[in-house]
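Notes for the one structure printed next.
Numbering (the working numbering), first residue to last: 974 to 1118.
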């Protein structure tokens, strides 16, 4: 399953694009609904598997990818490894109820941020705002601004 929610407001500049990946459709819809409520100008796509995420990545560019860790077929760590290799400028965020089981060296080079699920909405939004700003800084730095 993959779907797109276009930005509903904001300036003419490109809206920040986020890709949410989780195998639980209820979680995906809840997070998307929460983010749209807090930041209606963000463009948010959802994917219920790593495969669905890469189908979206074939045709779209994202600023931030947020992924769960425990998913069937390809887990979140495998997804993060592949995202890092194939989309190195993408800011990668882990959002999982299993973060306490992670060793720091498991995610050190794979994710830019790690969030525990469930968590507070304002913390999720703050991390995503940081991630969007970080992506913008990296893009500007890469073109010499």
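Even glycine gets a Cβ: it sits at the ideal position worked out from N, Cα and C.
Query: Sub-9 Å separation of residue 987 and residue 1037 beta-carbons; Result: no
Query: Assigned exposure category for residue 1113 - 16 Cβ within 10 Å defines buried; Result: exposed
Query: Exposure of residue 995, with buried meaning 16 or more beta-carbon neighbours within 10 Å; Result: buried
Query: Which of helix, strand or coil DSSP assigns to residue 994; Result: strand
Query: Terminal residues of the beta strand (DSSP E) in which residue 1112 lies; Result: Counting along the chain, residue 1112 falls outside any beta strand (DSSP E), though it belongs to the alpha helix (DSSP H) covering 1094-1115.
Query: Range of the contiguous beta strand (DSSP E) that encloses residue 1039; Result: 1037-1040
Query: At least 3 beta-carbon pairs within less than 8 Å: the segment 1024-1043 vs the segment 1063-1082; Result: yes
Query: Chain D contact for residue 1036 (CB, 9 Å cutoff); Result: Protein chains in the displayed structure number just one, and chain D is not present.
Query: Element boundaries [beta strand (DSSP E), containing residue 1056]; Result: Where residue 1056 is concerned, there is no enclosing beta strand (DSSP E), although the alpha helix (DSSP H) it sits in stretches over 1049-1059.
Query: C-beta contact flag for residue 1021 and residue 997 at 9 Å; Result: yes
Query: The segment 1041-1056 / the segment 1081-1091 touching (three or more Cβ pairs under 8 Å); Result: yes
Query: Distance CB(residue 1014)-CB(residue 989) smaller than 9 Å; Result: yes
Query: Buried or exposed (CB count within 10 angstroms, at least 16 for buried), residue 1004; Result: buried
Query: Member of 1099, 1094, 1103 whose CA lies at the smallest distance from the CA of residue 1007; Result: 1094
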